[in-house]
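Peer 1: Please read through the structure below; I'll follow up with questions.
And the structure:
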């Protein structure tokens, strides 16, 4: 098991290039299964979720290679139809391979996906959408096994009209994959509009698909066209960028983040501006200066372009050391687990249903806390940077799922933190610096 040790030491300051987007790269990797030949994805972050997806694709007959931040996927030999249960349990995004496998092989077998435990996160909308395309779905709720197949004379997916009751990102991606491969024209209504879906549609069009309405909630897709490999570059990760902006604001620092589409974070930057931060944006960079505690903030999480649920936990940390505020979480019902860990550090957070009320102006102190999920872990690291004394964030494996090297990045901005490896089989043995970060500066 690993942990992160943080020594609170004042404002963050400096300039940093943000990593490639996790939530863009994973569906791009799934899209590669639909094309014949080689697909190259550039600006790929070296994170655990990418490694897990590479392992799954390799098990299905693809050949994946990641050198530096350039990922090559050769799908010409893909022939597998089933993803192992242990692979599905490693991350939520594995479910988006359901439609590509079904389209390519005529059948697919998966299990309920894993990932961070932040709510029920059912796959009902995924199965609903595929059923509209003519897929026969067999679901075993006891074992978590889901099998889909295409039957009938044509043995292929059929163009369909799909209207989503909720703009689910993953279900929208699976429906797009199905529509691209289906025989005939499809209309998708009520789609999620996240930037990562827009990037996926642009990639599929480069592969030979014909998708109209890209960037809107209504897509018109001409299916059945032959798809080939392509080369595509992932945008910067807006969630990582948002995390670092809030860390800088919490520490009353001054940073510039490069390689990020600033318009994708408008919901975040506008909130910080209203609270008193100075923010200057250009097309591919964001500058923030926050020399004093920010004012009260109130926000509601929701589908894009609303405030992203993935930044709810980092915002909660910021509210603790600012003048407080309120967060209403409308996407996941169990995403306030980090509140209890922050309270251990001296925060004052009260939970009422889907709302968190944060009393600001608190002086946090370092202690041992535990990451409950990916973004919550990053929020605790931010809290450690602002706290007095030493903070140790346990279960840092969660953080590695989405942050290429949060210790390296924040150290570059003046933070004092390092990864620690802990041997839990040897009681009393001291934690040792990991290979990723050797010393607290």
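In our numbering, the protein residues as written are 10 to 450. The beta-carbon is built from N, C-alpha and C at its ideal position, and this holds for glycine as well. Owing to the predicted nature of the structure, the values given are computational and were not obtained by experimental measurement.
How should residue 133 be labelled, buried or exposed, when 16 other C-beta atoms within 10 angstroms of its C-beta is the threshold for buried?
Peer 2: As a first step, residue 133 is located in the chain shown; it is residue number 124 there, counting from the start. With fewer than 16 Cβ atoms within 10 Å of its Cβ, residue 133 is classed as exposed.
Peer 1: Let's test the definition: count the other Cβ atoms within 10 Å of the Cβ of residue 76 and tell me whether it reaches 16, buried, or not, exposed.
Peer 2: Looking up residue 76 in the chain shown gives position 67. Its Cβ having fewer than 16 others within 10 Å, residue 76 is exposed.
Peer 1: For residue 356, collect the residues of the same chain with a Cβ closer than 6 Å to its Cβ; drop the 5 residues on either side in sequence, then sort them by chain order.
Peer 2: Position 347 of the chain shown, counted from the first residue, corresponds to residue 356. For residue 356, where only same-chain residues beyond five positions count, the Cβ hits under 6 Å are 329, 371.
Peer 1: Are the CB atoms of residue 39 and residue 272 within a distance shorter than 9 Å?
Peer 2: As a working note, residue 272 is residue 263 in the chain shown. As a working note, residue 39 is residue 30 in the chain shown. Against a cut-off of 9 Å, the Cβ pair of residue 39 and residue 272 comes out as no contact.
Peer 1: Find the nearest neighbour of residue 275 within the set 259, 315, 253, 242, judged by alpha-carbon distance.
Peer 2: On the chain shown, residue 275 is found 266 positions in, with the first residue counted as 1. Residue 275 has its Cα closest to that of 315, out of 259, 315, 253, 242.
Peer 1: Which residue from 219, 263, 14, 170 puts its Cα closest to that of residue 195?
Peer 2: Numbered from 1 along the chain shown, position 186 holds the residue referred to as residue 195. The residue with the shortest Cα to Cα distance from residue 195 is 170.
Peer 1: How many whole angstroms separate the CB atoms of residue 188 and residue 230, which I take to be in contact at a CB cut-off of 8 Å?
Peer 2: Numbered from 1 along the chain shown, position 179 holds the residue referred to as residue 188. Numbered from 1 along the chain shown, position 221 holds the residue referred to as residue 230. Correct: roughly 4 Å between the Cβ atoms.
Peer 1: Examine the Cβ distances between the region 223 to 238 and the region 256 to 273 and report whether three or more of them are shorter than 8 Å.
Peer 2: The region 223 to 238 vs the region 256 to 273: no contact.
Peer 1: Give me whichever residues DSSP pairs with residue 48 in a beta bridge.
Peer 2: Sequence index remark: in the chain shown, residue 48 carries index 39 (1-based). Residue 48 is bridged to 82.
Peer 1: Sort out for me which residues DSSP pairs residue 221 with in a bridge.
Peer 2: Reading the chain shown from its first residue, position 212 is the one you call residue 221. Beta-bridge pairing links residue 221 to 229.
Peer 1: Excluding the five sequence neighbours on either side, which residues of its own chain have a C-beta within less than 7 Å of the C-beta of residue 360, listed in chain order?
Peer 2: Locating residue 360 in the chain shown gives position 351, counting from the first residue. The answer, listed in chain order, is 345, 348.
Peer 1: Cα separation between residue 66 and residue 303?
Peer 2: Translated into the one-based positions of the chain shown, residue 66 becomes position 57. Translated into the one-based positions of the chain shown, residue 303 becomes position 294. Taking the straight line from one Cα to the other gives about 45 Å.
Peer 1: Count the other CB atoms within 10 Å of the CB of residue 379; is the residue buried (16 or more) or exposed (fewer)?
Peer 2: Position 370 of the chain shown, counted from the first residue, corresponds to residue 379. So residue 379 ends up on the buried side.
Peer 1: Tell me the residue span of the alpha helix (DSSP H) that contains residue 249.
Peer 2: On the chain shown, residue 249 is found 240 positions in, with the first residue counted as 1. 247 to 259 is the span of the alpha helix (DSSP H), which, as asked, contains residue 249.
Peer 1: Measure the alpha-carbon distance for residue 68 versus residue 301 and round it to whole angstroms.
Peer 2: The sequence position of residue 68 within the chain shown is 59, counting from 1. The sequence position of residue 301 within the chain shown is 292, counting from 1. Answer to the nearest angstrom: the Cα atoms are 52 Å apart.
Peer 1: Indicate whether residue 21 and residue 423 have their beta-carbon atoms separated by less than 9 Å.
Peer 2: As a first step, residue 21 is located in the chain shown; it is residue number 12 there, counting from the start. As a first step, residue 423 is located in the chain shown; it is residue number 414 there, counting from the start. Contact flag set, yes.
Peer 1: Buried or exposed for residue 150, please, with buried defined as at least 16 other CB atoms from any protein chain shown within 10 angstroms of its CB.
Peer 2: Translated into positions along the chain shown, residue 150 becomes position 141. So residue 150 ends up on the exposed side.
Peer 1: According to DSSP, simplified to helix, strand and coil, what is residue 387?
Peer 2: Taking the chain shown and counting its residues from 1, one reaches residue 387 at position 378. If DSSP states are grouped into helix, strand and coil, residue 387 belongs with the helices.
Peer 1: Starting from residue 141, trace the alpha helix (DSSP H) both ways and give me its first and last residue.
Peer 2: Numbered from its first residue, the chain shown carries residue 141 at position 132. Unbroken alpha helix (DSSP H) run through residue 141: 133 to 141.
Peer 1: Can you tell me whether residue 175 is buried or exposed? The criterion is at least 16 other CB atoms within 10 Å of its CB, across all chains shown.
Peer 2: What you label residue 175 is simply residue 166 of the chain shown in a count that begins at 1. The residue in question, residue 175, is exposed, as its Cβ has fewer than 16 Cβ neighbours within 10 Å.
Peer 1: For residue 369, count neighbouring Cβ atoms within 10 angstroms of its own Cβ and tell me buried if that reaches 16, exposed if not.
Peer 2: Here residue 369 is taken as the residue at index 360 of the chain shown, counted from 1. Buried, by the Cβ-count rule.
Peer 1: Would you tell me roughly how many angstroms separate the C-alpha atoms of residue 12 and residue 331, rounded to the nearest one?
Peer 2: Taking the chain shown and counting its residues from 1, the one referred to as residue 12 is at position 3. Taking the chain shown and counting its residues from 1, the one referred to as residue 331 is at position 322. Rounded to the nearest angstrom, the two C-alpha atoms are 27 Å apart.
Peer 1: So, does the region 412 to 422 touch the region 380 to 391, judging by three or more C-beta pairs under 8 Å?
Peer 2: Contact between the region 412 to 422 and the region 380 to 391 is present, because at least three Cβ pairs lie under 8 Å.
Peer 1: Using 8 Å for Cβ pairs, my map puts residue 293 next to residue 233. What's the rounded Cβ distance?
Peer 2: As a first step, residue 293 must be located in the chain shown, where it is residue number 284. As a first step, residue 233 must be located in the chain shown, where it is residue number 224. Between residue 233 and residue 293 the Cβ distance is about 37 Å, and since that is not below 8 Å, they are no contact.
Peer 1: In terms of residue numbering, what span does the alpha helix (DSSP H) encompassing residue 70 cover?
Peer 2: Within the chain shown, the letter at position 61 stands for residue 70. Careful: residue 70 lies outside any alpha helix (DSSP H) and carries neither H nor E.
Peer 1: Can you name, in chain order, every residue of its own chain whose Cβ lies under 7 Å from the Cβ of residue 217, other than the five neighbours on each side?
Peer 2: Here residue 217 refers to the residue found at position 208 when the chain shown is read from its first residue. Closer than 7 Å at the Cβ level, and outside the excluded window around residue 217, lie 234, 235, 236, 237.
Peer 1: Would residue 342 be called buried (16 or more neighbouring beta carbons within 10 Å of its own) or exposed?
Peer 2: Along the chain shown, one-based indexing puts residue 342 at 333. Result: exposed.
Peer 1: Return the bridge partner residues of residue 280 from the DSSP annotation.
Peer 2: For the purposes of this step, residue 280 is identified with residue 271 of the chain shown, where counting begins at 1. Answer by DSSP bridge pairing: none, since residue 280 is not bridged.
Peer 1: Out of 94, 172, 287, which one is the CA nearest neighbour of residue 152?
Peer 2: Indexing the chain shown from 1 puts residue 152 at position 143. The shortest Cα separation from residue 152 among 94, 172, 287 belongs to 94.
Peer 1: Under three-state DSSP, which class holds residue 213?
Peer 2: Counting from 1 along the chain shown, the entry for residue 213 is found at position 204. If DSSP states are grouped into helix, strand and coil, residue 213 belongs with the helices.
Peer 1: Please report the distance separating the alpha-carbon of residue 322 from that of residue 164.
Peer 2: Looking up residue 322 in the chain shown gives position 313. Looking up residue 164 in the chain shown gives position 155. Whole-angstrom Cα-Cα distance: 46 Å.
Peer 1: Taking 9 Å as the threshold (C-beta atoms), are residue 197 and residue 184 in contact?
Peer 2: Taking the first residue of the chain shown as position 1, residue 184 is located at position 175. Taking the first residue of the chain shown as position 1, residue 197 is located at position 188. Yes, Cβ-Cβ distance for residue 184 and residue 197 is below 9 Å.
Peer 1: Buried or exposed: residue 227, going by 16 or more other Cβ atoms within 10 Å of its Cβ?
Peer 2: Your numbering for residue 227 matches position 218 in the chain shown. With fewer than 16 Cβ atoms within 10 Å of its Cβ, residue 227 is classed as exposed.
Peer 1: Is the CB-CB distance between residue 259 and residue 297 below 9 Å?
Peer 2: Along the chain shown, one-based indexing puts residue 259 at 250. Along the chain shown, one-based indexing puts residue 297 at 288. No. Outside cutoff.
Peer 1: For residue 41, tell me which candidate among 83, 408, 52, 283 has the shortest Cα-Cα distance.
Peer 2: Translated into the one-based positions of the chain shown, residue 41 becomes position 32. The shortest C-alpha separation from residue 41 is found at 83.
Peer 1: Any heavy atom of the ligand ATP inside 8 Å of the beta-carbon of residue 238?
Peer 2: Ligands in the displayed structure: none, and consequently the ligand ATP is not present.
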